[in-house]
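Asks: In full-length UniProt numbering, the protein residues as written are 1 to 208. This structure is in structure tokens; I'll ask about it shortly.
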Ligand SMILES: Nc1ncnc2c1ncn2[C@@H]1O[C@H](COP(=O)(O)OP(=O)(O)OP(=O)(O)O)[C@@H](O)[C@H]1O
Ligand SMILES: [Mg+2]
């Protein structure tokens, strides 16, 4: 069976990491080699860039620098981990990928979606996932879940205000409308087990 690249996307606290782990386990149980990975990060070099991006003061980087750092981390991730795995017919499940850059770093008046995709072409030859799941949860529910987990100690980007996170979630929903073949919007208010079953159902064409 061919290698497949799946990404999980959505705002903070929507259950991406929980589902990425559960999905990797379910697919591995079918005898497929799965790499569970994340962005920013996933390789030693990209994890160093992750640390630069997610720690420190909110205004430490301007939005252009931030977008370039994400693209640089992604270039490492694609070339050192994702592409070699796909060539070996293995699966990649990534906790966030390019759609997060589109939703978080395209900020009106600064960078648009075309700019983010241009950086992705330069850095990573425009590599796209075979399927993307956007975990959709009302923002207040997601914020409660993330707060319960972090006790208010969010990272540099997670700590931005509610208007910013509202705009991120609206953009994710738009992407799902624009690319219904690749992107599936998933109701993240259901139980963890039901969500994993829905993800597997939406992968059945790739698993056959
Ligand atoms: N379906 C669910 N129902 C209730 N709680 C959940 C569900 N899925 C995950 N959680 C809990 O919500 C919290 C956030 O989940 P998780 O860490 O997977 O989200 P995330 O999207 O990876 O967040 P972040 O963007 O901050 O990395 C965790 O404490 C997790 O145990
Ligand atoms: Mg997470």
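For each residue, glycine too, the CB sits at the ideal point set by N, CA and C. Note that the structure is a prediction, hence the values are computed from the model and not measured.
#1: Does the count of Cβ pairs from the stretch 113 to 127 and the stretch 30 to 41 closer than 8 Å reach three?
#2: Measure the Cβ-Cβ separation of residue 3 and residue 86 and say whether it is below 7 Å.
#3: Where does residue 148 land, buried or exposed, given buried means 16+ other C-beta within 10 angstroms?
#4: Check for me: the beta strand (DSSP E) holding residue 37 runs from which residue to which?
#5: On a Cα-Cα basis, can you pick out the residue from 11, 60 and 5 that is closest to residue 92?
#6: Among 14, 82 and 7, whose alpha-carbon lies nearest the alpha-carbon of residue 168?
#7: First and last residue of the beta strand (DSSP E) that includes residue 8?
#8: What do you reckon, is the C-beta of residue 105 under 6 Å from a heavy atom of ligand 1?
#9: Considering only residues of the stretch 149 to 187, which uninterrupted alpha helix (DSSP H) runs meet the minimum length of 4 residues and lie entirely inside it, listed in chain order?
#10: Here's the rule I'm using: 16 or more other beta-carbon atoms within 10 Å means buried, otherwise exposed. How should residue 203 be labelled?
#11: Could you spell out the range, first to last residue, of the alpha helix (DSSP H) harbouring residue 208?
#12: Consider the C-beta atom of residue 12 and the heavy atoms of ligand 1; say whether any pair is separated by less than 6 Å.
#13: By how many angstroms is the C-alpha of residue 12 removed from the C-alpha of residue 138?
#14: Within its chain, find whatever has a CB closer than 6 Å to the CB of residue 103; leave out the 5 residues flanking it on each side and keep chain order.
#15: Using the Cα positions of residue 52 and residue 153, report the straight-line distance between them to the nearest angstrom.
#16: Are there any heavy atoms of ligand 3 lying less than 6 Å away from the beta-carbon of residue 72, as far as the coordinates show?
#17: Buried or exposed: where does residue 114 fall if 16 or more other Cβ atoms within 10 Å of its Cβ makes it buried?
#18: Can you tell me which of the three DSSP states residue 131 falls into?
#19: Given residue 99, which residues of its chain have a CB within under 8 Å of its CB, disregarding the five upstream and five downstream residues?
#20: Within the continuous alpha helix (DSSP H) that includes residue 124, where are the two ends?
#21: Please report the distance separating the alpha-carbon of residue 109 from that of residue 59.
#22: Name the residue from 142, 206 and 156 whose alpha carbon lies nearest to the alpha carbon of residue 55.
Replies: In short:
#1: no
#2: yes
#3: exposed
#4: 34 to 38
#5: 5
#6: 14
#7: 5 to 9
#8: no
#9: 162 to 178
#10: buried
#11: Here residue 208 belongs to no alpha helix (DSSP H), and DSSP marks it neither H nor E.
#12: yes
#13: 11 Å
#14: 168, 171 and 172
#15: 17 Å
#16: Annotation note on ligand 3: not contained in the displayed structure, which lists ligand 1 and ligand 2 as its ligands.
#17: exposed
#18: strand
#19: 7, 9, 132, 134, 172, 175 and 183
#20: 113 to 124
#21: 17 Å
#22: 156
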